[in-house]
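Numbering (the numbering used here), first residue to last: 9 to 237.
#1: What did DSSP end up calling residue 150 once you bin it into helix, strand or coil?
#2: Does the distance from the C-beta atom of residue 214 to that of residue 94 stay below 7 Å?
#3: If contacts are defined as beta-carbon pairs under 8 Å, then residue 180 and residue 147 qualify, I think. What distance do you get, rounded to the angstrom?
#4: If we require 3 or more residues per run, which beta strand (DSSP E) segments fall completely within the stretch 104 to 187?
#5: Measure from the alpha carbon of residue 189 to the alpha carbon of each residue in 138, 161 and 71, then state which is nearest.
#6: Are the beta-carbon atoms belonging to residue 177 and residue 143 less than 7 Å from one another?
#7: Can you give me the Cβ contacts of residue 208 inside the same chain, cut-off strictly under 7 Å, excluding the 5 residues immediately before and after it?
#8: Which of the three DSSP states, helix, strand or coil, is assigned to residue 204?
#9: Return the residue from the list 204, 72, 112 and 108 that minimises the CA-CA distance to residue 187.
This is the structure we're talking about:
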C-alpha cells in the first residue's frame, strides 16, 4: 500500500513538473514571437495561406470528382433511356415483324443473302444470311417480354440445330428480354452461341455494328470464307 501511495505521489509530481515546463516553454515562445514579430508574421501568414489554399483546392478537387461522377451517371442513364425509347418501338412489333426487323439489321451491317423463315418448324433458323467475310449466320429470334428470361431449354433447342442442321459459322440468339438464365448463358458460352439480350439488342438497334457484338457472349467462331456471291 505504501509503495502504491508513493508511486501515485511521484506521478503527480512528475505531471506538475511537465505542466510547469510546458507553460514556461509556451511563455518563452510567446515572448520570442512578440520580440521577433517581424520574422514570425510572414511565416505565420504563409502557413495560414497555404492551409486556406490547400483546403480550397481539396474542396474544388472533390467537387470536380463529384461533378464528373454525376455526369457519367447521367450519361449512362440517358443512353439507357435512349435504348429503351428505341426498344419501345421494337416491343410494339409482332414476332413476325421482329424477325423481319432483325433481318434488316443484318442487312444494314453488310450481311448478304439474308432470308427470313417467318414460319414455325424452321428448326431455330428464323433468319439466315452471310457475314461480309463469308461466314454463315443463323439467328434465333425470341420476342419475349422484358421481364422474362431465356431458359436453358430454349438454348438447348438452338444449340441442337444451329450447326448440325444449318451449318452455322455464327449462331446468334437474340431476344427482347433482359436476361438469359445462368444455365442458358453457360450453355451459350460453352457451345459458342452469341447470346444477345435486351441491352445488347438495344445497342444494335442504336447503331452498334453486328461484328462488334459477336465477341461479347460467345466469340462467334467459324473459319473466315470468301464472301458469298
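Glycine included, each C-beta is placed from N, C-alpha and C at the ideal position.
So, from the listed chains and residues:
#1: As a working mapping, residue 150 is identified with position 142 in the chain shown. Here residue 150 sits in strand by DSSP.
#2: Reading the chain shown from its first residue, position 206 is the one you call residue 214. Reading the chain shown from its first residue, position 86 is the one you call residue 94. Contact check for residue 214 against residue 94 passes: the beta carbons are separated by less than 7 Å.
#3: Within the chain shown, the letter at position 172 stands for residue 180. Within the chain shown, the letter at position 139 stands for residue 147. Their Cβ separation, rounded to whole angstroms, is 5 Å, which keeps residue 180 and residue 147 in contact under 8 Å.
#4: 120 to 124, 135 to 138, 144 to 150 and 178 to 183
#5: For this step, residue 189 is matched to residue 181 along the chain shown. Residue 161 is the option with its Cα nearest to residue 189.
#6: Within the chain shown, the letter at position 169 stands for residue 177. Within the chain shown, the letter at position 135 stands for residue 143. Contact: yes.
#7: For this step, residue 208 is matched to residue 200 along the chain shown. Excluding sequence neighbours, residue 208 sits near 221 and 224.
#8: Here residue 204 refers to the residue found at position 196 when the chain shown is read from its first residue. DSSP places residue 204 in strand when its eight states are reduced to three.
#9: Residue 187 sits at position 179 when you count from the first residue of the chain shown. Comparing Cα-Cα distances from residue 187 to each of 204, 72, 112 and 108, the minimum goes to 204.
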